[in-house]
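In order, the protein sequence lines correspond to chains A and B.
Per my numbering, residue 192 is the first one in the first sequence, and the count goes up by one each step.
Per my numbering, residue 337 is the first one in the second sequence, and the count goes up by one each step.
No residue lacks a Cβ here, since even glycine has one placed at the ideal position from N, Cα and C.
Since this is a predicted model, take the numbers as computed values, not measurements.
Data block below; observations after.
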Amino acid sequence: MAGEMKGWDRNQMAARAAEELEDGMYVNLGIGIPTLVANYVGDKDITLQSENGMLGMGPFPFEGEEDPDLINAGKQTITELARTSYFDSATSFAMIRGGKIAAAILGAMEVAENGDLANWMIPKKLVKGMGGAMDLVAGVGRVIVVMDHTNKAGETKVLKACTLPLTGKGVVDRIITNLGVLDVVPGGLKIVQLADGVTEEELRASTEATIVD
Amino acid sequence: MKKVYSNATEALDGLLKDGMLIAAGGFGLSGIPELLIAAIRDSGVKNLTVASNNAGVDDFGLGLLLQTRQVKKMISSYVGENAEFMRQYLSGELELEFNPQGTLAERMRAGGAGIPGFYTKTGVGTVIADGKEVKVFDGQEYILERGIVADLSIVKAWKADDTGNLIFRKTARNFNPPAAMCGRVCVAEVEEIVPRGSIDPDHIHLPGIYVHRLIQGPHEKRIEQRTTRKREEA
């Protein structure tokens, strides 16, 4: 699938998203492409939060060292770091809701030009739940969406208005897709950057949302 | 004040009633009260409402109570990875109240702390806000969420002393402290009951005042998604 998509692949999108992170930030990464962002933070001093109760999330364990008491929010086995701290779920969401987490990078099914985000259910088809996504988008300093610009049917996911049940209203700050980077600004979306090999016309043609200059 | 019981069935004796509300700790399969869940299944108690972030998997954790149709309603934030749950929900056999994860945790904490309701911006402008009071503070909208007080809490910890002081391990702590706090009665299962005085009082995560009954493992502690890296990648 990645081969058919124009512009950046999953890893390039993750690398671009990593550029959003600054030294000293506490950050929450969602499941999917956002998880890959951790591979591209380089020398920056970033502390990853896992909303099931951990700051300072480390990489996957070596085979044979998996611990059922140490998982991330995607239920994957992980490891701790020298800086790690653990806490309960109420404390975890206190720091999320309380604005202590600088940024959340998460995937989306749909994003709208007013910053509305939908990523938790498709009525009558897919019901998984919002998990911590509604709390994250309501509480963190900056919400960055990383996703493919279009769905598997080739339809745009960057809309004038979301059609699916919302995760948050007016919460998205920046959208990073395989075609480029867009900011949510008054009146619509503003093109910040085009992905390698993508023209502005191509990005506009794949976008339903209003693009402002 | 005898809190230590010999097994899960004895620890739950007299506490289970049809139609009751149970709050359960755990996230995914990590830190779930697996022994107490199995004993609740064996008891045959039914029409339960269960507040728990997830519902286990089909054959482990709370999934066991779904298989036997002992659960009438779940209050959860995420139910993916559980085919039987999805089937019962989509067919209308099971009620499901979705709560954002942080809202669920805070509802438990608040209920246990004597706070009947709180305002949060989580879910404003979404279906979660439907039917809930909206209040504006400093120009921003918040919705009213209610504290949860459960008839029974079931939690899992790592170690306890015989007075119920609990220590959790790594991310298996998760919902266990708030779930324990919100129960009128709380039963805890632990991997090891250690002698009184052997836990440094400064290292206790949940004071024994919240824990009424206690049992010791063994636990299976199943892993839901085993992810590893190769040694040569290090």
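Below the 7 Å Cβ cutoff, chain B contributes Q437 as neighbours of E242/A, in chain order. By the rule that beta-carbons nearer than 8 Å mark a contact, R377/B does not touch chain A. In the DSSP annotation of this structure, the continuous segment of the alpha helix (DSSP H) that includes D326/A starts and ends at A324 to G330.
DSSP, read as helix, strand or coil, puts I402/A in strand.
For the beta strand (DSSP E) assignment, the uninterrupted runs of no fewer than 3 residues enclosed by the segment 412-470 of chain B are, from N- to C-terminal side, 431-434 and 453-456. Residue state for V485/B is assigned as coil, using DSSP reduced to three classes. Collapsing the DSSP output to three states places M204/A in a helix.
Per the DSSP secondary-structure output, L212/A pairs with nothing in a beta bridge.
From the listed residues I335/A, K315/A, T347/A and A344/A, the smallest Cα separation to P356/A is found for K315/A. By alpha-carbon distance to P259/A, the top candidate from F434/B, R505/B and K408/B is R505/B. With respect to A396/A, G323/A sits apart: the two C-beta atoms are not nearer than 8 Å.
Distances from the alpha-carbon of A508/B to those of I262/A, Q203/A and A400/A put I262/A closest.
Between the beta-carbon of G221/A and that of I296/A there is about 6 Å, and that keeps the pair under the 8 Å contact cut.
Residue burial is scored here from C-beta neighbours: K266/A has at least 16 other C-beta atoms within 10 angstroms and is therefore classed as buried. Around the beta carbon of L426/B, fewer than 16 other beta carbons lie within 10 angstroms, which makes this residue exposed.
In the DSSP secondary-structure assignment, I503/B is bridged to K495/B. For N418/B, the number of other beta carbons within 10 angstroms of its own is at least 16, and it is reported as buried. Beyond the five residues adjoining it in sequence on each side, V470/B comes within less than 6 Å, by CB distance, of E477 and I479 in the same chain, given in chain order. Proximity of chain B to T354/A at the Cβ level (cut-off 8 Å) is not reached, the minimal Cβ distance being about 14 Å. If you draw a straight line from the Cα of Q424/B to the Cα of L430/B, it comes to about 5 Å. Under the Cβ distance rule, Q561/B counts among the residues neighbouring chain A, one pair being separated by less than 8 Å. By the beta-carbon neighbour count (other beta carbons within 10 angstroms, threshold 16), T458/B is buried. Not a single C-beta of chain B is nearer than 8 Å to the C-beta of T226/A.
Counting only runs of at least 3 residues, the segment 259-325 of chain A fully encloses the following beta strand (DSSP E) elements, listed from N- to C-terminal order: 271-277, 294-297 and 301-303. Contact check for I358/B and L488/B: beta-carbon distance about 5 Å, within the 8 Å limit, so the pair qualifies. Residue pairing for Y546/B: DSSP places it in no beta bridge. DSSP places Q403/B in the helix class (H, G or I) of the three-state scheme. In this structure, the alpha-carbon of P436/B lies about 15 Å from that of V331/A.
The beta carbon of A329/A falls within 8 Å of a beta carbon belonging to chain B, placing the residue at that interface.
Taking a Cβ-Cβ threshold of 7 Å, the residues of chain B close to Q267/A are Q561 and T563, in chain order. As DSSP reads the structure, T238/A sits in a beta bridge with Y217/A. Under DSSP, the beta-bridge partners assigned to Y478/B are K471/B.
When beta bridges are read from the DSSP output, S366/B appears opposite F363/B. In the DSSP assignment, M248/A falls within the beta strand (DSSP E) that extends over M245 to M248. Neighbours of R288/A in chain B, taken as residues whose beta carbon is under 7 Å from its own, are G438, T456 and T458 in chain order. For T226/A, no beta strand (DSSP E) segment is defined; the enclosing uninterrupted segment is the alpha helix (DSSP H) at I224 to L227.
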